[in-house]
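Just below is one structure, and these are the notes that go with it.
Numbering (the UniProt record's numbering), first residue to last: 1 to 283.
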């Protein structure tokens with residue numbers, strides 16, 4: 001499999017695959033879209049649950065939703081039974097929302113075979129596939145994967161500031177246009193309105209169609225219209241931002257589907273940049 005996505009049909013056919021590690025990375029809070037609310041929690045059979053605000057978040061950092069440490073990811077991988085041969089599939093209960101964040105964490109930490117379920121739980125339910133009402137707690141056999149962060153995949157404000165005048169580096173913000181243009185207040189106290197100077201706006205909802213990603217051809221057209229550097233194809237660095245580093249991963253994954261490489265996440269995103277008075281802001 002070369003795509004970072006798998007279909008519900010593929011997953012159905014591989015639920016008994018001994019290499020499969022199926023992970024629900026849903027979050028309790030959904031920002032930027034109308035959340036899907038369930039009468040009761042449910043999971044695809046065989047799913048583990050991960051916590052993007054706990055076990056996969058550096059809670060000792062001052063940043064909101066800070067990227068986890070190598071130690072945290074190693075411990076989670078052990079709990080989930082992940083090895084070098086595992087096929088890790090991540091999904092969430094909103095279709096496409098927080099699963100790309102977990103996908104990028106695992107990718108950045110060195111897990112080679114990690115994928116997102118296109119459409120997630122809503123697509124699975126729409127096709128009337130089986131669900132269960134409790135996740136699997138821990139793997140019967142602990143995993144032996146050891147996390148090793150590729151620092152080129154995760155950036156900070158210093159990197160972004162240094163490259164503001166670099167025409168080859170494109171910064172794409174996944175927040176709504178109203179937030180990007182400071183036409184509505186930020187949801188977090190103490191965070192200024194506006195955006196990183198020179199950044200482009202691509203609300204994450206614009207790369208989705210229903211519960212799933214739009215076709216690659218449409219994603220290519222959308223991305224190439226944003227900035228001159230993106231029209232020359234892959235090879236130029238692209239940095240993705242949002243409110244706190246969650247939905248940025250949706251458009252990052254869309255860019256990979258469109259064939260771009262040299263992709264990285266500004267993990268602090270606007271919650272970090274907008275709260276630092278020393279950093280410039282555009283409206």
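Backbone N, C-alpha and C fix where the C-beta goes; we use that ideal spot for every residue, glycine too.
The structure displayed is predicted, hence computed values, not measured ones.
- Around the Cβ of residue 76, a 10 Å sphere holds 16 or more other Cβ atoms; the residue is buried.
- Closest by C-alpha distance to residue 269, out of 150, 29, 11 and 279, is 279.
- As summarised for the segment 14-51, the continuous beta strand (DSSP E) elements at least 3 residues long and confined to that stretch are 20-24 and 47-49, given in chain order.
- Per the coordinates, the alpha-carbon of residue 243 lies some 20 Å from the alpha-carbon of residue 163.
- In this structure, the straight-line span from the alpha carbon of residue 188 to that of residue 31 is close to 11 Å.
- Residue pairing for residue 265: DSSP places it in a beta bridge opposite 154 and 240.
- The three-state reading of DSSP puts residue 219 in helix, counting H, G and I together.
- The segment 108-118 and the segment 217-229 do not touch, with fewer than 3 CB-CB distances between them shorter than 8 Å.
- DSSP, reduced to helix, strand and coil, places residue 5 within a strand of the structure shown.
- Linking residue 144 to residue 43 through their CA atoms gives a straight-line distance of about 25 Å.
- Beta bridge pairing from DSSP links residue 208 with 213.
- In the DSSP assignment, residue 87 is bridged to 20.
- In the DSSP annotation of this structure, the continuous segment of the beta strand (DSSP E) that includes residue 171 starts and ends at 170-173.
- Within the DSSP secondary-structure output, residue 114 pairs in a beta bridge with 88.
- For residue 74, the enclosing alpha helix (DSSP H) has its first and last residue at 70-80.
- In the three-state DSSP reduction, residue 65 falls in the coil class, being neither helix nor strand.
- When the five nearest sequence neighbours on each side are left out, the beta carbons in the same chain lying within less than 6 Å of the beta carbon of residue 79 are those of 138, in order along the chain.
- In the displayed model, residue 160 falls within a helix according to three-state DSSP.
- Under the 10 Å beta carbon count, residue 254 is surrounded by 16 or more other beta carbons and is classified as buried.
- Assignment of residue 282 by DSSP, reduced to helix, strand and coil, places it in the strand class.
- Under the three-state reduction of DSSP, residue 57 is assigned to coil, being neither helix nor strand.
- At least 7 Å separates the beta-carbon of residue 56 from that of residue 154.
- Residue 209 and residue 131 have their C-alpha atoms spaced approximately 23 Å apart.
- With a cutoff of 7 Å on beta-carbon distance, residue 84 and residue 91 are scored as not near each other.
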